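As given, the protein sequences belong to chains G and Y, one line each in that order. Under the working numbering, residue 275 is the last one in the first sequence; the count climbs by one each step, no gaps. Under the working numbering, residue 469 is the last one in the second sequence; the count climbs by one each step, no gaps. Every residue gets a Cβ at the ideal spot worked out from N, C-alpha and C, and that includes glycine. Computed from a predicted model, the values in this text were never measured in an experiment.
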Amino acid sequence: MNPETLSVVDLHVTVEGKPILKGVNLTIRRGEIHALMGPNGSGKTTLGLAIMGHPRYEVTRGRIELDGEDITHLEPHERARRGLFIAFQRPVAIPGVRLADFLRHAVSNVRNPHRKEGEELIPMREFRKELKEKMDLLRMDADFARRYVNDGFSGGEMKRAEILQMAMLRPKFAILDETDSGLDVDAVRLASQSIAEIGGRQMGLLIITHHERLLEHNPPDVTHVLLGGRIVETGGRELADRLHREGYDQLREKYPEAAAEEAALAGETKK
Amino acid sequence: MAEKVDVIGEIRKYDFRVDERYVFKARKGLDREIVAEISAMKNEPEWMRDFRLKALEVFESRPTPTWGGKIDVDFQDIYYYIKPTDRQGHSWDELPEEIKQTFDRLGIPEAEKKFLAGVKAQYESEVVYGSLREDLAKRGVVFVDMDTAVREYPDLVREYFSTVIPPTDNKFAALNSAVWSGGSFIYVPPGVNVEFPLQAYFRINAAQMGQFERTLIIVDEGASCHYVEGCTAPMYSSESLHAAVVEVIAKRGARVRYTTIQNWANNIYNLVTKRAVAYRDALVEWVDGNLGSRLTMKYPAVYMLEPGARAEILSVAFASKGQHQDAGAKVVHAAPYTSSRIVSKSISKSGGRSSYRGLVKIERGAKRSKSNVVCDALILDPQSRSDTYPYIELEEQDVMIGHEASVSKIGEEQLFYLCSRGLTEAEASTMIVAGFIEPLVKELPMEYAVEMNRLIALQMEGSVG
Numbered sequence: 005m006n007p008e009t010l011s012v013v014d015l016h017v018t019v020e021g022k023p024i025l026k027g028v029n030l031t032i033r034r035g036e037i038h039a040l041m042g043p044n045g046s047g048k049t050t051l052g053l054a055i056m057g058h059p060r061y062e063v064t065r066g067r068i069e070l071d072g073e074d075i076t077h078l079e080p081h082e083r084a085r086r087g088l089f090i091a092f093q094r095p096v097a098i099p100g101v102r103l104a105d106f107l108r109h110a111v112s113n114v115r116n117p118h119r120k121e122g123e124e125l126i127p128m129r130e131f132r133k134e135l136k137e138k139m140d141l142l143r144m145d146a147d148f149a150r151r152y153v154n155d156g157f158s159g160g161e162m163k164r165a166e167i168l169q170m171a172m173l174r175p176k177f178a179i180l181d182e183t184d185s186g187l188d189v190d191a192v193r194l195a196s197q198s199i200a201e202i203g204g205r206q207m208g209l210l211i212i213t214h215h216e217r218l219l220e221h222n223p224p225d226v227t228h229v230l231l232g233g234r235i236v237e238t239g240g241r242e243l244a245d246r247l248h249r250e251g252y253d254q255l256r257e258k259y260p261e262a263a264a265e266e267a268a269l270a271g272e273t274k275k
Numbered sequence: 005m006a007e008k009v010d011v012i013g014e015i016r017k018y019d020f021r022v023d024e025r026y027v028f029k030a031r032k033g034l035d036r037e038i039v040a041e042i043s044a045m046k047n048e049p050e051w052m053r054d055f056r057l058k059a060l061e062v063f064e065s066r067p068t069p070t071w072g073g074k075i076d077v078d079f080q081d082i083y084y085y086i087k088p089t090d091r092q093g094h095s096w097d098e099l100p101e102e103i104k105q106t107f108d109r110l111g112i113p114e115a116e117k118k119f120l121a122g123v124k125a126q127y128e129s130e131v132v133y134g135s136l137r138e139d140l141a142k143r144g145v146v147f148v149d150m151d152t153a154v155r156e157y158p159d160l161v162r163e164y165f166s167t168v169i170p171p172t173d174n175k176f177a178a179l180n181s182a183v184w185s186g187g188s189f190i191y192v193p194p195g196v197n198v199e200f201p202l203q204a205y206f207r208i209n210a211a212q213m214g215q216f217e218r219t220l221i222i223v224d225e226g227a228s229c230h231y232v233e234g235c236t237a238p239m240y241s242s243e244s245l246h247a248a249v250v251e252v253i254a255k256r257g258a259r260v261r262y263t264t265i266q267n268w269a270n271n272i273y274n275l276v277t278k279r280a281v282a283y284r285d286a287l288v289e290w291v292d293g294n295l296g297s298r299l300t301m302k303y304p305a306v307y308m309l310e311p312g313a314r315a316e317i318l319s320v321a322f323a324s325k326g327q328h329q330d331a332g333a334k335v336v337h338a339a340p341y342t343s344s345r346i347v348s349k350s351i352s353k354s355g356g357r358s359s360y361r362g363l364v365k366i367e368r369g370a371k372r373s374k375s376n377v378v379c380d381a382l383i384l385d386p387q388s389r390s391d392t393y394p395y396i397e398l399e400e401q402d403v404m405i406g407h408e409a410s411v412s413k414i415g416e417e418q419l420f421y422l423c424s425r426g427l428t429e430a431e432a433s434t435m436i437v438a439g440f441i442e443p444l445v446k447e448l449p450m451e452y453a454v455e456m457n458r459l460i461a462l463q464m465e466g467s468v469g
């Protein structure tokens, strides 16, 4: 196995007993950017959260491999310490916990994967220096790190906080789940630029998006289209461009079976 | 969030016992003879002896309360008085070795050097060590143990003792009044501001030992002080009892803050009555952290007797396995233009139970008074329980009253968010809990904030006591 890959092999995932992913295959090499597209409800977020190990997303078949190691049954924190990261679409607030304190714990764990609870944290001075550098790079105000994690953040602030975390944790592979959603045009452009500036290129990126703007500074090497829980097409950058122009209807016509499953799933969701 | 420490080492920090070498240990049980014996040991004046004996009658005549928590104590199976040393030390070196070591291990002498204005250390029934910074003594500040106060400041004691909490107030106030020993007496003269905290530390070492300290704090006009108490005991298989009475008098324009970090072993019944009276424009603050004990029933109170008096009560309760924290607050607005704020945060884990029980009373004529109550509960697992019992008594219409309550569970999404950044689930839970009480912890001086976070982390480990 290639030592620098994130692979998803025949992945089946159910949420509360409901099948969402029905055999997804995907391999990302480090240094590659993959765009994951597809209509709402096709399973994009499910794939991201399943890769990260969300307890509500049950893998019923298939596996997830990181650098050739099967990580399907690892805890989320173990995956993070092996170099996986997800930028959440809707990051949850943790009232009372300062972003800097949280990040210092996170950085200490990820850089020292064998660290046990209660063991030494990364030295304060070193951490602060690095945090300041990264915040300067992202043009964030120093006060921001003293705020409570995602508590009362605007949409733009949340997404920038996610990118800041990614910059500090320096993952091998990062999933960006609709980092553009809820942002205005300028904010999307800024996010796109920031991802490139913090070295997104050196990682392997899986960018889940509807908008080409997020891809502006991060042109995808590979584009996947998810429909009804399966990847129905894989192509290069031109596929992303085409979908942006044309939408998903042509694909639905081309893959009626997947489109039917998509419709069935959407119907169920509405109930 | 404080840095984590070696948890096992920390647990041992509190749960250790040393040999019992006492100069006097009364027999077990409670009756007139024991009460008279305690009084005689202390060479007390007759009025105090009579006060004790009357209080004993009140205690015996009252039933054990059936509200709150389950009090399962055999009052005849407890030692009511243990005298650990012959005299109080004014340097730590004067103490018997095992007692000195105890307080060393608890870090008291170190804290004293760093940031305290004065210290009292109580071991079993007596205060064995006392200090007060010289400059404060020169300015007329008094900080002695209560027994010394009865001898050396008889006028002040007779004027105020038991005026805020009479023995008839409740069964456990009566019990304390009968057998009290130790505790602090503080007098701050008009206009004197005691900038650094005065601290008392209470330690029970013996099994089946009851500790009944009695504290009286008088802060004169325009003066201020911050008093802090901590308490611990080793874990024994049998129950012990801690029933304190704390009376605070805040005169015109005075400011008093009383901070408690209670970390008794989980076999101790902690039944404490704390009450303050606040005169014109005085401010009384109770910061009450309850992390230990089997059952705590404690509702720090402020009676606002003159216009402009203010009360702030911040309460944190953490109930883990086998614990019931029935904590809360009581504010009585007895004058116009008085204001109070109660903030309660409780955490229940591993089958623990925490209750908020609070009273806001606005008496007739207390016009334009304001009161705001916020209580938030966090429940960590389905086995645990949280209840809220807010009582409001209004005799006046021209007032502003606010009450908010919330109950939340640690969300799966919050845990996943933190874990996806490399935190273990345990670490993530601890962080969420620390965040939950952060609004309160940040009110504490730094040293206590660190201590509080450390105790929370220990409770989260679930292996304390």
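Inset, instruction - Taking C-beta pairs closer than 8 Å, name the residues in chain G that Pro-113(Y) reaches, listed in chain order. - result: Counting from one through the second sequence, the residue named residue 113(Y) turns up at place 109. Neighbours of Pro-113(Y) on chain G: none; closest Cβ ~26 Å, over 8 Å.
Legend entry - Helix, strand or coil at Ile-24(G) according to DSSP, with G and I counted as helix: As a working note, residue 24(G) is residue 20 in the first sequence. Residue state, collapsed to three classes: strand.
Legend entry - Chain-order list of residues whose beta-carbon lies under 7 Å from that of Phe-200(Y) (same chain, five-residue window excluded): Looking up residue 200(Y) in the second sequence gives position 196. Around Phe-200(Y): Phe-119, Leu-120, Ala-121.
Inset, instruction - Consider the Cβ of Gln-169(G): report whether some Cβ of chain Y lies at a distance smaller than 8 Å. - result: Mapped onto the first sequence, residue 169(G) falls at position 165. Chain Y, which has a Cβ nearer than 8 Å to the Cβ of Gln-169(G), makes this yes.
Inset, instruction - Compute the Euclidean distance between the alpha carbons of Asn-376(Y) and Gly-47(G), then round it to the nearest angstrom. - result: What you label residue 376(Y) is simply residue 372 of the second sequence in a count that begins at 1. What you label residue 47(G) is simply residue 43 of the first sequence in a count that begins at 1. Near 47 Å, if we compare the C-alpha coordinates of Gly-47(G) and Asn-376(Y).
Legend entry - Inside the region 191-243 of chain G only - beta strand (DSSP E) runs reaching at least 3 residues: 208-212, 226-231, 234-239
Legend entry - For Asn-116(G), three-class secondary structure by DSSP: Here residue 116(G) corresponds to residue number 112 of the first sequence, with the count starting at 1. Correct three-state label for Asn-116(G): coil.
Inset, instruction - Would you kindly work out how many angstroms separate the C-alpha atoms of Ala-141(Y) and Asp-224(Y), rounded to a whole number? - result: In the second sequence, counting from the first residue as 1, residue 141(Y) sits at position 137. In the second sequence, counting from the first residue as 1, residue 224(Y) sits at position 220. Using only the alpha carbons, I get a separation of about 15 Å.
Legend entry - Interface residues of chain G facing Pro-443(Y) [CB-CB closer than 7 Å]: Translated into positions along the second sequence, residue 443(Y) becomes position 439. Within chain G, the residues near Pro-443(Y) are Gly-100.
Inset, instruction - Leaving out five residues on either side along the sequence, give the residues of the same chain with a beta carbon under 7 Å from the beta carbon of Tyr-18(Y). - result: Indexing the second sequence from 1 puts residue 18(Y) at position 14. Result list for Tyr-18(Y): Thr-236, Asn-267, in chain order.
Legend entry - Nearest candidate by alpha-carbon position, reference Glu-64(Y), set Lys-46(Y), Leu-136(Y), Gln-215(Y), Lys-175(Y): For this step, residue 64(Y) is matched to residue 60 along the second sequence. Cα-wise, what sits closest to Glu-64(Y) is Lys-175(Y).
Legend entry - Length of the line joining the Cα atoms of Ala-282(Y) and Ala-313(Y): By one-based count along the second sequence, residue 282(Y) stands at place 278. By one-based count along the second sequence, residue 313(Y) stands at place 309. Rounded to whole angstroms, Ala-282(Y) to Ala-313(Y) spans 6 Å at the Cα level.
Inset, instruction - Go ahead and pull the three-state DSSP assignment for Arg-155(Y). - result: Within the second sequence, numbered from 1, the residue matching residue 155(Y) stands at position 151. Reduced to three states, the DSSP call for Arg-155(Y) is helix.
Legend entry - Inter-stretch contact at 8 Å, needing at least 3 Cβ pairs: the region 208-220 of chain G / the region 147-156 of chain G: no
Inset, instruction - Can you grab the Cα-Cα spacing for the pair Ala-146(G) / Ala-104(G), in whole Å? - result: On the first sequence, residue 146(G) is found 142 positions in, with the first residue counted as 1. On the first sequence, residue 104(G) is found 100 positions in, with the first residue counted as 1. Ala-146(G) and Ala-104(G): Cα-Cα distance of roughly 10 Å.
Inset, instruction - Check each candidate in Val-132(Y), Phe-147(Y), Tyr-133(Y) and name the one with the smallest Cα separation from Asp-139(Y). - result: By one-based count along the second sequence, residue 139(Y) stands at place 135. The shortest Cα separation from Asp-139(Y) among Val-132(Y), Phe-147(Y), Tyr-133(Y) belongs to Phe-147(Y).
Inset, instruction - Compare the C-beta of Val-114(G) against all C-beta atoms of chain Y and say whether one is closer than 8 Å. - result: Position 110 of the first sequence holds residue 114(G). Yes, Val-114(G) counts as interfacial toward chain Y.
Legend entry - Candidates Glu-316(Y), Ser-297(Y), Asp-108(Y), Tyr-395(Y): closest to Arg-357(Y) by CA position: On the second sequence, position 353 is the one that residue 357(Y) refers to. Cα-wise, what sits closest to Arg-357(Y) is Ser-297(Y).
Legend entry - Identified DSSP bridge partners for Glu-73(G): The sequence position of residue 73(G) within the first sequence is 69, counting from 1. Looking at the DSSP assignment, Glu-73(G) forms a beta bridge with Leu-70(G).
Inset, instruction - Pull up the CB-CB distance for Phe-89(G) and Ala-178(G), whole angstroms please, since I reckon it's below 8 Å. - result: In the first sequence, residue 89(G) corresponds to position 85, counting from 1. In the first sequence, residue 178(G) corresponds to position 174, counting from 1. The Cβ separation is near 4 Å, so the contact holds.
Inset, instruction - Determine the contact status of Ser-352(Y) and Ser-390(Y), defining contact as a CB-CB distance below 8 Å. - result: Translated into the one-based positions of the second sequence, residue 352(Y) becomes position 348. Translated into the one-based positions of the second sequence, residue 390(Y) becomes position 386. For Ser-352(Y) and Ser-390(Y), yes; Cβs fall inside 8 Å.
Inset, instruction - Please confirm whether Ala-248(Y) and Asn-180(Y) have their CB atoms less than 8 Å apart. - result: The residue you call residue 248(Y) lines up with position 244 of the second sequence. The residue you call residue 180(Y) lines up with position 176 of the second sequence. In contact: Ala-248(Y) and Asn-180(Y) (Cβ atoms closer than 8 Å).
Inset, instruction - Can you tell me which of the three DSSP states Val-378(Y) falls into? - result: Taking the first residue of the second sequence as position 1, residue 378(Y) is located at position 374. Strand at Val-378(Y).
Inset, instruction - Could you say if the region 186-198 of chain Y and the region 212-229 of chain Y meet the contact criterion of at least three C-beta pairs nearer than 8 Å? - result: yes
Inset, instruction - Starting from Lys-258(G), trace the alpha helix (DSSP H) both ways and give me its first and last residue. - result: Here residue 258(G) corresponds to residue number 254 of the first sequence, with the count starting at 1. Per DSSP, Lys-258(G) belongs to the alpha helix (DSSP H) from 253-258.
Inset, instruction - Take Arg-56(Y) and list the residues in its own chain whose beta-carbon comes closer than 6 Å to its own, dropping the five residues that flank it on each side. - result: Your numbering for residue 56(Y) matches position 52 in the second sequence. Val-39, Ser-43, Ala-182.
Legend entry - CA-to-CA distance, Gln-105(Y) to Lys-8(Y), given in whole angstroms: Position 4 of the second sequence holds residue 8(Y). Position 101 of the second sequence holds residue 105(Y). Reliability of the predicted coordinates at Lys-8(Y) is poor, the pLDDT of 41 falling under 50, and the value obtained from them is presented with this limitation in mind. Using only the alpha carbons, I get a separation of about 24 Å.
Inset, instruction - Assign Asp-173(Y) to one of three DSSP states: helix, strand, or coil. - result: Within the second sequence, residue 173(Y) is the residue found at index 169, counting from 1. Asp-173(Y) falls in the helix class under three-state DSSP.
Legend entry - Residue burial classification, Thr-89(Y) (beta-carbon count within 10 angstroms, cutoff 16): Numbered from its first residue, the second sequence carries residue 89(Y) at position 85. Classification for Thr-89(Y): buried.
Legend entry - From Gly-415(Y), Lys-374(Y), Ser-388(Y), Lys-413(Y), residue whose alpha carbon lies closest to that of Ile-396(Y): Working through the second sequence from its first residue, we reach residue 396(Y) at position 392. The shortest C-alpha separation from Ile-396(Y) is found at Lys-374(Y).
Legend entry - Three or more C-beta pairs below 8 Å linking the region 448-456 of chain Y and the region 412-426 of chain Y: no
Legend entry - Nearest residue (CA-CA) to Ala-461(Y), options Phe-322(Y), His-407(Y), Arg-21(Y), Glu-367(Y): In the second sequence, counting from the first residue as 1, residue 461(Y) sits at position 457. Measuring from the Cα of Ala-461(Y), the nearest candidate turns out to be Phe-322(Y).
Inset, instruction - Note the first and the last residue of the continuous beta strand (DSSP E) segment covering Asp-181(G). - result: If you number the first sequence from 1, residue 181(G) lands on position 177. Its beta strand (DSSP E) spans residues 177-181.
Legend entry - Residues of its chain near Gln-212(Y), where Cβ-Cβ distance is below 8 Å and the 5 sequence neighbours each way are ignored: Within the second sequence, numbered from 1, the residue matching residue 212(Y) stands at position 208. Lys-32, Asp-81, Ile-82, Tyr-83, Tyr-240, Ser-242, Glu-243, Ser-244, listed in sequence order.
Inset, instruction - Give every residue of the same chain whose Cβ lies closer than 8 Å to the Cβ of Gly-156(G), excluding the five residues on either side of it in the sequence, and list them in chain order. - result: For the purposes of this step, residue 156(G) is taken as residue 152 along the first sequence, with counting starting at 1. Result list for Gly-156(G): Ala-97, in chain order.
Legend entry - Range covered by the alpha helix (DSSP H) that runs through Glu-61(Y): Taking the second sequence and counting its residues from 1, the one referred to as residue 61(Y) is at position 57. Per DSSP, Glu-61(Y) belongs to the alpha helix (DSSP H) from 50-65.
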